[in-house]
Each structure stands twice: as C-alpha cells, then as structure tokens.
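Heads up, the thing below is written out as structure tokens.
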Amino acid sequence: MENLIYTISYVLSTIFQLYVISKFMIMFLDRGKTNKWITCCTYILQFAVGAIQYKVAPNIIVNIGVGLITIFIISLCYGGTILNKVISVMLIYLCLFGAELIGTGMLEITGTRISMDGQNGDALSCIVVAIMLWIIYEIIRMFKVSDTQFKMPKIFSGIIILLSVAAITLEMVIFLYGNVPELVKIVSVMCMLVILFLIIFMYDILNDYYNEKIRLELLEKEKNYYLNQAELATEHVNEIRKFKHDIKNHLLALDAIMQNDRKGAKEYITELEDRVSSEELYSESGNVAVDSVINYKLSHATNKNIKVSSKIVIPEQFSIDTKDIITIIGNLLDNAIEAADKTDGRKYVNIHMELKMGNLFIEVSNSYNGKIKQEDGKFITDKTDKKIHGIGITNIKDTLKKYESNIDFSYTEKDFCVKVIMCKK
C-alpha cells in the first residue's frame, strides 16, 4: 500500500513539476516553432530518464547532471539563442533545487518526514516539493518582466552561469556532509534563493535599460524622418519654382528645336520629364509621419539605383497609433531595401498601404538574391550589425502584439513579400 501511495505521489508531483518547468520555459524563452508533439516527447523523456536514474543511480551529482541535460533538451524546443537557453536552464534548475531543499528541509525541521513510516514520508516530500516549486514560480512571475527578445550581454551571461554553478555546488557540499548544523542549511538555502531572485531582478533592470535604449533610438529616427520630409518638401517646392521660372525659355528652346530637329526635341522633352520627376514624393497622403518615413526610405532606395513604386491610400488621421505604423513600415522598408540592394539583376521595392473598414493593410515586396536564412522559424539577416537588425524585428513583433494583427511572409526564387494587417483597437 505504501508503495502504491508513493508511486502515485511521485508520478503526479513529477507531472506537476514538468508543467511548472513548461511555464518557466515560456517565461524565459520564446514559444518557438517546434511541433507540439516533439515538445511533449521531450517532457516525457525527462520524466522517464529521471525515474530510471532515481531507481538505478540515486546519487545527488548524477541527479544534477541528468536534470540539467534533460531540461536543456526541453529548451531546444523553444526559441532564443543557445546562450539564453543555457542561462534559462541554470535558472530553472536553481528553482527546482531550491524547491527541493526547502520542501525536504521543512519536513526535516518539523520532524514530519521522520515521524512517518516507510515511503509515506517520501510521498509527502514529493508533494511538498511540487508545491514549493509552484510558489517560487509565482513569486518570480510577479516581478518578472515578460520580454523574451532581450539579448543579454555575454559578460552578464557568464556571471549568471558562474553564480548558478557556485550556488548548486555550495548546496551540494553543505547537504552532503551530515555534521552541518540545521541552521546553516536553512541559511544557505535562503541565501541561494536570494541570489536567484537578485539574478532575475538584475535581468529585468537590464531589460528595462534595453527597452529605453530602443525607445530613444526610435525617437531619434522619427526626428530624422520629419527633418528629411521637410528638406524633401522644400527641395520639391524650389524645383517647381525654378522650373516655372524657366518654363518660358524651355518652350522657346523647344519650339526652335522642333523646327529643325524633331529627334532632338524628343530628347529635350525626355530631359524635362526627368527633371520634373527627379524629386518625386512617393507618399502624399497628408499624414506627415507616414509620408516622412516612406519618402525618406524610398528616396534612399532610389539613390541606390533601386526601382521603387508606392500606392498609399490612407487618410490624414485614423484610429491606429501613428508611431506603431512608423515602426512597422520603417523596419519593413529597411529590410526590403537591404535585400534588394544585394540583388544582382533587377532591383525593386514596392509598398502598398490602404485603410479598409478601419483596418490597415500593408504590403511590401522586393527583389532579393534568393538566399533565405532561418533560425527557430525566424528570418536571419546578413548584416554585420545583427544587433540593430534584431532590434528592428523585435519592434515589429512587439508592435503587432498590441493589435489583432496578422503577418504573412511569401517568397519565390527572386521575389519576397510581406503582408501585414493591423486591426483597429
């Protein structure tokens, strides 16, 4: 009967712990694109390997090694870099380790486990450890800022890994020696938990700094967009004034050329047409912010000998936040221009924006060199400065989360297209 009680308690508490681990994975990492069945299999693997190890080699060092390896295998089903996964595994295992130490420690101090015969004490220990793990998760969730896109500095990553290893090693040494006073064990566990919470607190401080840095960069870009829009508008007006001033002379010259040289007249007309369209405004919707970004980006593309076209059908004002639109189209055009510029043959960038029934439809298409790089279901840039590119992708994803949005990628051997639907709030 005792064996049955222990087995049921062990199975149920372990399943519950795996559920909490999955919550931690979502907290620290992206959900990823891995098939749900594969993810489920990794959790089953963790359960099976842990149970076998507990029966065959119930040793604390082996237990730690098996636990870290199996949790890392689970992390491979989620998004994020390998470094982020390693850090997440260390933090999750610290939580598991802390929950076990606190749970078993509480039972030892109160004498509950000792007073219970046979495996009943172990059954109670399994339940208490599972409950403590959930409490630790809830405490962390209360203070944890949810931003899995944060790229942690490598130095800080190394510090986290070293602190985690040091904390686990220290607790192993303390609990392996039987002559250590109970008070020392309790204090050591509390110190380990404090270290864990401080690590996560520092993580969130860096995260806040990172987000503030992004916000300031966006503000600086926005200022440049407005400044460039003003410069383009001024140049456009000046060109029109000059052309109007010279139009009489142009007509006289054209009349003279046509009398003697019709071919020359045609070339002269073509030259005038090029002059008129040389300072083209690609967006004249009246929405200054949107016009600024599109005109700035497409003018930049034209300077790179990229053929551009635009169809902007939006009112001056509508319900969707203008800053969110700027973030989306700015980053989409940056990526499109970057890809088109690397094309050997025909280079082009097209943008189509239209507001229908309060919902904004954005389509950006471009030529590219046919090389697609993906990691964890995400498109990877060839830029040397991948950090800035990462900020752009993060901005798009974070912005789309505010709306009932949909983003779709499609591509052929030479053409790439992104379609975004931003629904009104």
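Residue numbers for the sequence shown follow numbering that gives the first Met the number 0, so the first one is 0 and each next one is one higher.
Built from N, CA and C at the ideal position, the CB exists for glycine as well.
Just so we're clear, the structure is a prediction, and the values are computed from it rather than from any experiment.
Item	Value
Pull up the distance between the alpha-carbon of Y92 and that of Y208, whole angstroms please.	27 angstroms
Could you check where the beta strand (DSSP E) with S284 kicks off and where it finishes?	Looking at the DSSP string, S284 is not in any beta strand (DSSP E), and its letter there is neither H nor E.
Tell me, which residues are paired with V48 by DSSP?	None; V48 has no bridge partner.
Per DSSP, which one or two residues make a beta bridge with V312?	E353
Roughly how many angstroms separate the alpha carbons of L28 and L280, rounded to a whole number?	43 angstroms
Within the present structure, is the beta-carbon of Y295 separated from the nearest heavy atom of the ligand FMN by less than 7 angstroms?	For the ligand FMN, the structure offers nothing, since it holds no ligand at all.
Count the other C-beta atoms from every protein chain shown that fall within 10 angstroms of the C-beta of S409, then say buried if there are 16 or more, exposed otherwise.	exposed
So, are the CB atoms of T220 and Y136 less than 8 angstroms apart?	Reading off the sequence shown, one finds Lys at residue 220, where the question assumed Thr. For K220 and Y136, no; Cβs fall outside 8 angstroms.
Please go through the same chain and pick out, in chain order, the residues whose beta-carbon is closer than 8 angstroms to the beta-carbon of K84, but skip the five residues on each side of it.	L28, F71, S74, L75, Y77
By Cβ distance below 8 angstroms, which residues in the same chain neighbour L354 in space, the five residues on each side in sequence not counted?	V312, I313, P314, F317, F360
Between E337, L197, T69, which lies nearest to K370 when the distance is taken from Cα to Cα?	E337
Taking the alpha carbon of I395 as the point to measure from, which residue in V417, Y367, E412, G79 has its own alpha carbon closest?	V417
Rounded to whole angstroms, how far is the Cβ of V19 from the Cβ of L132, which I believe are closer than 8 angstroms?	5 angstroms
Once you ignore the five residues that flank K306 on each side, which residues in its own chain have a CB closer than 8 angstroms to its CB?	R345, K346, Y347, V348
Whole angstroms is fine: what's the gap from Q16's alpha carbon to V164's?	21 angstroms
From A300 to N286, what distance separates their C-alpha atoms?	21 angstroms
Would you mind reading off the limits of the alpha helix (DSSP H) that contains K322?	321-340
Looking at G64: is its Cβ nearer than 8 angstroms to the Cβ of T13?	no
Pick out whichever of Y367, E362, D414 has its Cα sitting closest to the Cα of N405.	E362
What does the Cβ neighbour count give for C125, buried or exposed, with the cut at 16 atoms within 10 Å?	buried
So what does DSSP say about L93, is it helix, strand or coil?	helix
On the criterion of 16 or more Cβ atoms from any shown chain inside 10 Å, does C94 qualify as buried, or is it exposed?	buried
Taking only three categories from DSSP, how would you classify I406?	strand
Just tell me which of M356, D333, A56 has its CA closest to the CA of I319.	M356
Rounded to a whole number of angstroms, what is the C-alpha to C-alpha distance between I387 and I213?	Confidence is the limiting factor: at I387 the pLDDT is only 42, short of 50, which leaves the residue's position unreliable and the question unanswerable from this model.
When you compare only the Cα positions, how much space is there between S366 and I154?	39 angstroms
Return the CA-CA distance between C399 and M421, expressed in angstroms with no decimal places.	Position check: residue 399 holds Leu in this sequence, whereas Cys was assumed. So the alpha carbons of these two residues sit roughly 7 angstroms apart.
Could you tell me the alpha carbon to alpha carbon distance between L442 and L90, rounded to whole angstroms?	Residue 442 cannot be examined here, being either before or after the span of the chain that is shown, 0 to 424.
Once you ignore the five residues that flank N358 on each side, which residues in its own chain have a CB closer than 7 angstroms to its CB?	I420, M421, C422, K423
Quick one, which of K54, N34, M26, L44 has its alpha-carbon nearest T6's?	K54
So, for S308: in the same chain, excluding its five sequence neighbours on each side, which residues have a beta-carbon less than 6 angstroms away from its beta-carbon?	N349
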